[in-house]
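Colleague: So the sequence shown is numbered by the numbering used here: it starts at 1 and just counts up by one.
Each residue gets a CB set at the ideal place from its N, CA and C atoms; glycine is no exception.
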Amino acid sequence: MDQLDRITQQSDVMGGKACIRGMRVTVSMIVGQIGAGHSVDEILADFPYLEREDIMQALRYAAWRAEEREVTLAVA
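#1: Output the boundary residues of the alpha helix (DSSP H) element that contains residue 42.
#2: Kindly confirm or deny that the region 23-33 and the region 47-61 touch, where touching means at least three C-beta pairs closer than 8 Å.
#3: Which stretch, first to last residue, makes up the alpha helix (DSSP H) that contains residue 33?
#4: Thinking just about the alpha-carbon of each residue, which of 63, 53, 67, 62 is nearest to the one in residue 6?
#5: Exposed or buried, which one is residue 75 when buried takes at least 16 other CB atoms within 10 Å?
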């Protein structure tokens, strides 16, 4: 996907996980921070080398990957 030009995967960086611009910041870390209730502004303050578009692309990438497979969820 061309709109995800900030998402990189390199076997020698974080074991090949999807990262932001080749840095050691994974998409899953960003999504986990959002899931834990942190705002985009809080994440940007904690990681000043990230840009808002990095976070937006990480979320788009995660949504795209979630559409790729069916996940069975436990019903409570």
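Modeller: Taking the coordinates as given:
#1: Counting from one through the sequence shown, the residue named residue 42 turns up at place 42. Residue 42 -> alpha helix (DSSP H) spans 40-46.
#2: yes
#3: Position 33 of the sequence shown, counted from the start, is the residue given in the question as residue 33. Run containing residue 33: 27-35, per the alpha helix (DSSP H) assignment.
#4: As a working note, residue 6 is residue 6 in the sequence shown. If we check each option's Cα against that of residue 6, 53 comes out closest.
#5: Here residue 75 refers to the residue found at position 75 when the sequence shown is read from its first residue. Its Cβ having fewer than 16 others within 10 Å, residue 75 is exposed.
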